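Visitor: Residue numbers (our numbering): 7 to 949.
Shown below is the structure under consideration.
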Amino acid sequence: MTVADTGNAEAAGDEVAVTGYRGPVLGSGPPQFPASVRLSRTGDAVANNGGTAISGYVHTLTVQQAPREPASWPHQVGVIPSPARSFQHRAEAARLRAAVEGGGTAVLSQVLTGMGGVGKTQLAADYARTAWNEDGLDVLVWVTASAQSPVVSGYAQAGVELCRADPDDPELAAKQFLAWLVPKPGQRPCRWLIVLDDVTDPSDLIVHPDDPGNRYSLWPPASPHGRVLLTTRRRDAALFGDGRRRIEVGLFTPAESAAYLTEALDAQGRTEPADQLAALADDLGHLPLALAQAAAYLIDSGETAVTYRNLLADRATKLTDLAPDSLPDEQATALAAAWSLSIERADALRPAGLARPMLHLAAMLDANGIPQPVLTGETARAHLAAHRTAGGPASELAPVSPSDAVRALRALDRLSLIDHQADTPHQTVRIHQLIQRATRDTHTPHQNDQAARTAADALVAAWPEIERDTDLAQTLRANAAALTGHAEDVLYEFDGVHAVLVRAGASLGETGQVAAAVEYFQRIAGVAHGRLGPDHPHTLAVRGELVRWRGEAGDAAGAAEASAELLEHMERVLGNEHVFTFSIRSNVARFRGEAGDAAGAADSLTGLLADQVRVLGDEHPHTFAVRGELVRWRWKAGDAAGAMAASAELLEHVERVLGNEHVATLNTRGNIACFRGEAGDADGAVAAFAELLTDQVRVLGGDHPDTLTTRHNLACFRGEAGDADGAAAAFAELLTDRVRVLGDDHPSTLTTRGNIAYWRGKAGDADGAAAAFAELLTDRVRVLGDHHPDTIATRRFVARWRGRAGDAAGAAAAYTELVEHIVRVLGPDHPDTLTARGNIAYWRGQAGDPAGAAAAFAELLTDRVRVLGDDHPSALTTRHNLAWCQGEAGDAAGAAAAFAELLADRVRVLGDDHPDTIATWPCAAYWRGMHLLMNRPIDEQDQ
Numbered sequence: 007m008t009v010a011d012t013g014n015a016e017a018a019g020d021e022v023a024v025t026g027y028r029g030p031v032l033g034s035g036p037p038q039f040p041a042s043v044r045l046s047r048t049g050d051a052v053a054n055n056g057g058t059a060i061s062g063y064v065h066t067l068t069v070q071q072a073p074r075e076p077a078s079w080p081h082q083v084g085v086i087p088s089p090a091r092s093f094q095h096r097a098e099a100a101r102l103r104a105a106v107e108g109g110g111t112a113v114l115s116q117v118l119t120g121m122g123g124v125g126k127t128q129l130a131a132d133y134a135r136t137a138w139n140e141d142g143l144d145v146l147v148w149v150t151a152s153a154q155s156p157v158v159s160g161y162a163q164a165g166v167e168l169c170r171a172d173p174d175d176p177e178l179a180a181k182q183f184l185a186w187l188v189p190k191p192g193q194r195p196c197r198w199l200i201v202l203d204d205v206t207d208p209s210d211l212i213v214h215p216d217d218p219g220n221r222y223s224l225w226p227p228a229s230p231h232g233r234v235l236l237t238t239r240r241r242d243a244a245l246f247g248d249g250r251r252r253i254e255v256g257l258f259t260p261a262e263s264a265a266y267l268t269e270a271l272d273a274q275g276r277t278e279p280a281d282q283l284a285a286l287a288d289d290l291g292h293l294p295l296a297l298a299q300a301a302a303y304l305i306d307s308g309e310t311a312v313t314y315r316n317l318l319a320d321r322a323t324k325l326t327d328l329a330p331d332s333l334p335d336e337q338a339t340a341l342a343a344a345w346s347l348s349i350e351r352a353d354a355l356r357p358a359g360l361a362r363p364m365l366h367l368a369a370m371l372d373a374n375g376i377p378q379p380v381l382t383g384e385t386a387r388a389h390l391a392a393h394r395t396a397g398g399p400a401s402e403l404a405p406v407s408p409s410d411a412v413r414a415l416r417a418l419d420r421l422s423l424i425d426h427q428a429d430t431p432h433q434t435v436r437i438h439q440l441i442q443r444a445t446r447d448t449h450t451p452h453q454n455d456q457a458a459r460t461a462a463d464a465l466v467a468a469w470p471e472i473e474r475d476t477d478l479a480q481t482l483r484a485n486a487a488a489l490t491g492h493a494e495d496v497l498y499e500f501d502g503v504h505a506v507l508v509r510a511g512a513s514l515g516e517t518g519q520v521a522a523a524v525e526y527f528q529r530i531a532g533v534a535h536g537r538l539g540p541d542h543p544h545t546l547a548v549r550g551e552l553v554r555w556r557g558e559a560g561d562a563a564g565a566a567e568a569s570a571e572l573l574e575h576m577e578r579v580l581g582n583e584h585v586f587t588f589s590i591r592s593n594v595a596r597f598r599g600e601a602g603d604a605a606g607a608a609d610s611l612t613g614l615l616a617d618q619v620r621v622l623g624d625e626h627p628h629t630f631a632v633r634g635e636l637v638r639w640r641w642k643a644g645d646a647a648g649a650m651a652a653s654a655e656l657l658e659h660v661e662r663v664l665g666n667e668h669v670a671t672l673n674t675r676g677n678i679a680c681f682r683g684e685a686g687d688a689d690g691a692v693a694a695f696a697e698l699l700t701d702q703v704r705v706l707g708g709d710h711p712d713t714l715t716t717r718h719n720l721a722c723f724r725g726e727a728g729d730a731d732g733a734a735a736a737f738a739e740l741l742t743d744r745v746r747v748l749g750d751d752h753p754s755t756l757t758t759r760g761n762i763a764y765w766r767g768k769a770g771d772a773d774g775a776a777a778a779f780a781e782l783l784t785d786r787v788r789v790l791g792d793h794h795p796d797t798i799a800t801r802r803f804v805a806r807w808r809g810r811a812g813d814a815a816g817a818a819a820a821y822t823e824l825v826e827h828i829v830r831v832l833g834p835d836h837p838d839t840l841t842a843r844g845n846i847a848y849w850r851g852q853a854g855d856p857a858g859a860a861a862a863f864a865e866l867l868t869d870r871v872r873v874l875g876d877d878h879p880s881a882l883t884t885r886h887n888l889a890w891c892q893g894e895a896g897d898a899a900g901a902a903a904a905f906a907e908l909l910a911d912r913v914r915v916l917g918d919d920h921p922d923t924i925a926t927w928p929c930a931a932y933w934r935g936m937h938l939l940m941n942r943p944i945d946e947q948d949q
């Protein structure tokens, strides 16, 4: 081989340059290697600053490089991310700075943790820039810590630049850097800050964990002059402790969200209405990442905030459809994919494969709080087992235990995908609405339907049959509403109206929100009618619920009419003997009675009972229920003896069939005790209710609604037995428990307040009773509405106790207001309307206007005779009051004549011994005497 004219070799720094031939020993190796080389005119070799240059032939060259000089301070390793546009200075930044200012001489390590997209990296970058510019740092190292290798590489780079480490051995260089951070006696202190951004796995910070000889930690060492800031989505215990301060990074506040959107749009010459930006921020859950990408989308697309919100609200729109073409602020991930890696890592945690299907369920429910039993009950666990995403066929078939389900929730919590707080039982699981949306976006239609049905079934399974906890009931209703919003179509498929929809509506009514229950079932009935058709059994059943709550809301007459119409429809579609038909017949009878026709209700129930015994049997629960209703309406219809006998027979029957401790047995005992008290035996009722209460507390518990009802009845009959003070005290104790169990606004709670007021008045405090009823009226109007029977009854008690407290004019005014409401609800001829008019007249007279009272009674008498007849006891009472007011107005002769006529009619209608007849005798005598007295000559009167 001949080599000539190879030119010059020049080297500088650490370079090596050769001009000539560089290769193996001549004549060695494979045949293609030359046996000899002839060199000529190889040129000059020039080396500068430690370089190596050779001219000629080189076989082996070994160069010992001179050590590199450490970088001078201050020195930065790594690149701090640029500040986001419209960066918001948040409370978390102040907390970071406060920790620095109060750090003392202890090692200061802080961990920013939070869900993806809350702005942890931007907060860390702001903190690092501030520390670099203002705190006199000597060294700042920024490492993107998404895996172990970038951390090692970042430390190795710092080792090469700061402590002469070998760049060809990254692990050794990283260890040298960590050792260099440890303060040395006699050396100049180094003030350093190390930022480990986006640690995705705590185990990444331990190198060679299974090799004790080579194992080491990537956590920076303790130093009085050093600081560590770590950002992560993880919440594992391994990241905290050892003096590390945890700072939870949350969402933007509404003010921060509005400021961000306004500034970001304003920078591009865009303006949007403030209310729309506030609403958009709410729709996006105040998540900084989402707000940034939404602002970029608005700017790039030219769309308005209203249009964006409409797109976001459309379930057919996916988050990927709302991503800007170019992500702002150097962001690497679009919103739709922001949590995909976190989900994968959570799913890999033990118990493997359960986190993802658990997240799919949580994505269908209320973001603001899901009770843990909904996600860990049998229904949810079956779903987890069927949709496990890892572990192979054997593990997919293995059952999932309750502890496995809880550990799946903990896995999601560790990755900040949910907040799992066991100390808030009703809202144990919280999840951001956009994580839910991104999760639902990944569902196939089949997966979405499965998750929705499972969530609905899980809610029904977790819903207590008797709601003792109003907060839990509210949370379950919120979850049902969220599920309806996400997948309403699914809840009307297969078997018709899913049970969760009916349960949610009934819960509204059972917690006292009867008007809301009516509105709710009106909507459900309309949807069922449209989707399932008017004749579907579930459509008819929902109409039955609507009628039921319409009656509970106080419209007994309307409910009776609607029930009769529905009954006709059911009999045509389902037949006379279907259980739904029987249920509606019972409602028809009940509302007929509550509309004032107790005898008609009893007759209807008698016929229903015969049919149910024939079809369902004498011992069916529905048959027992109808027997109980029949007893109640026989009593209200005036058949006290028949009702008592039927109650005793029913009690014997249910005890034999259901046992002494069955709820139906206990309720029947309560009815018998109540009838006993209403028949005049208050002491016997007190004893019976006291005995029943003992059994109910033992069988049902002290907080069961039936137990609380018995306490109510016991207090009532204690008062009727003459112990008004004891009754008021018992009701006060009951009120405390009802507020605790049922809540302030439950109808039963409000009823208890009314009883406290009533017995307070009966105990002699008429003023206190009037004030308490007035306060109760305000709450009943707010909760139940103006026209609810309980509200109207409260107005009546306000008026009554004002009068008894000495405010006759106030009583007359209150009764006048009461009549206005009664007429709208019951009509002008209803007995309650007529009674209220009589009370207006009475209190006008007591207020000093006997002539006005007489005129009002005369007008009332005309209507009562027309509606009730001449001989009705109420018509006779009105004649009595009219006669007295005539006398008080100065017409003693007219009063005397009227009482004489009334006495003759009362003897004819009621008999000589009736209390009203007996009371008429002295009145007639009194006004006859007053007439004679006022017509005697003056001289005779003076004698």
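For every residue, glycine included, the Cβ atom is placed at its ideal position computed from N, Cα and C.
Fair warning: this is a prediction, and the values are worked out from it, not measured in the lab.
#1: Report yes if the C-beta distance between threonine 489 and alanine 458 is below 9 Å; otherwise report no.
#2: What are the uninterrupted segments assigned as alpha helix (DSSP H) that are 4 or more residues long and contained completely in the stretch 530-579, given in chain order?
#3: Please state the DSSP three-state secondary structure of leucine 202.
#4: How should alanine 733 be labelled, buried or exposed, when 16 other C-beta atoms within 10 angstroms of its C-beta is the threshold for buried?
#5: Less than 8 Å between the CB atoms is what I'm expecting for aspartate 203 and valine 149, so what's the real figure, rounded?
#6: Here's the rule I'm using: 16 or more other beta-carbon atoms within 10 Å means buried, otherwise exposed. How should proline 294 be labelled?
#7: Taking only runs that begin and end inside the stretch 113-199, name each unbroken alpha helix (DSSP H) of 4 or more residues, in chain order.
#8: With leucine 909 as the anchor, note down where its alpha helix (DSSP H) starts and where it stops.
#9: Have a look at the DSSP bridge pairing and note the partners of histidine 81.
#10: I need the DSSP call for histidine 426, collapsed to helix, strand or coil.
#11: How far does the alpha helix (DSSP H) with valine 705 in it extend, from its first residue to its last?
#12: Considering only C-alpha positions, which residue in the set Leu381, His492, Thr445 is nearest to alanine 464?
#13: Less than 7 Å between C-beta atoms, sequence neighbours within five positions excluded: which residues of the same chain meet that for glutamine 439?
#14: From Leu423, Ala860, Asp731, Ser92, pick the residue whose C-alpha is nearest to that of alanine 889; which is it?
#15: Valine 692 and leucine 672: beta carbons closer than 9 Å?
#16: Distance check for aspartate 410 and arginine 598, CA to CA, integer angstroms please.
#17: Going by alpha carbons, who is nearest to asparagine 593 out of Gly854, Leu657, Ala300, Leu636?
#18: Pick helix, strand or coil for threonine 395, following the three-state DSSP scheme.
#19: Using 8 Å for Cβ pairs, my map puts leucine 236 next to valine 255. What's the rounded Cβ distance?
#20: Flag this pair as yes or no: are the beta carbons of leucine 482 and alanine 510 separated by less than 9 Å?
#21: Residues in the same chain with beta-carbon distance under 6 Å from proline 795, minus the five sequence neighbours each way, listed in chain order, please.
#22: Provide the residue span of the alpha helix (DSSP H) that contains isoleucine 798, from first to last.
#23: Please state whether the Cβ-Cβ distance between alanine 417 and leucine 355 is less than 9 Å.
#24: For my contact list, arginine 850 and alanine 898 are in at a C-beta cut-off of 8 Å; report their separation, rounded to the angstrom.
#25: If you measure between the beta carbons of alanine 361 and alanine 444, is that distance less than 9 Å?
#26: Any chance you could list the alpha helix (DSSP H) runs of at least 4 consecutive residues sitting entirely within the stretch 205-250, in chain order?
#27: Going by beta-carbon coordinates alone, are alanine 814 and glycine 854 separated by less than 9 Å?
#28: Taking the alpha helix (DSSP H) that glycine 844 falls in, what are its first and last residues?
#29: Tell me the rounded alpha-carbon separation between glutamine 94 and valine 201.
#30: Enumerated in chain order, which unbroken segments of the alpha helix (DSSP H) with a length of 4 residues or greater are wholly contained in the stretch 255-280?
#31: Can you check which of these residues, Ala171, Asp141, Leu297, Leu257, is closest to arginine 1 by C-alpha distance?
#32: Suppose you measure from the CA of glycine 383 to the CA of valine 406; what does that come to, to the nearest Å?
#33: In whole angstroms, what separates the C-alpha of arginine 830 from that of alanine 799?
#34: Suppose you measure from the CA of glutamine 456 to the CA of threonine 797; what does that come to, to the nearest Å?
#35: Among the candidates His542, Ala570, Ala776, whose CA atom is the shortest distance from the CA of valine 553?
#36: First and last residue of the alpha helix (DSSP H) that includes asparagine 593?
Guide: Reading off the structure:
#1: The identity of residue 489 in the sequence shown is leucine, whereas the question assumes threonine. Yes, they are a contact pair.
#2: If you keep only unbroken alpha helix (DSSP H) runs of at least 4 residues inside the stretch 530-579, you get 543-558, 562-579.
#3: strand
#4: The residue is buried, with at least 16 neighbouring Cβ atoms inside 10 Å.
#5: 7 Å
#6: buried
#7: 126-140, 154-169, 176-187
#8: 898-916
#9: Answer is Val145.
#10: The three-state secondary structure of histidine 426, taken from DSSP, is strand.
#11: 688-705
#12: Leu381
#13: Gly291, Ala373
#14: Ala860
#15: Pairing valine 692 with leucine 672 gives a Cβ-Cβ distance that is not under 9 Å.
#16: 54 Å
#17: Leu636
#18: coil
#19: Not really, about 12 Å apart at Cβ, beyond 8 Å.
#20: Yes, the Cβ-Cβ distance between leucine 482 and alanine 510 is below 9 Å.
#21: Gly560
#22: 795-810
#23: Cβ distance < 9 Å, so alanine 417 and leucine 355 count as in contact.
#24: With 8 Å as the limit, arginine 850 and alanine 898 do not qualify as a contact, their Cβ atoms being about 20 Å apart.
#25: no
#26: none
#27: yes
#28: 837-852
#29: 20 Å
#30: 260-272
#31: Past the boundaries of the shown model lies residue 1; the chain is included only from 7 to 949, so the question cannot be answered.
#32: 10 Å
#33: 14 Å
#34: Cα-Cα distance, rounded: 45 Å.
#35: Ala570
#36: Here the alpha helix (DSSP H) through asparagine 593 covers 585-600.
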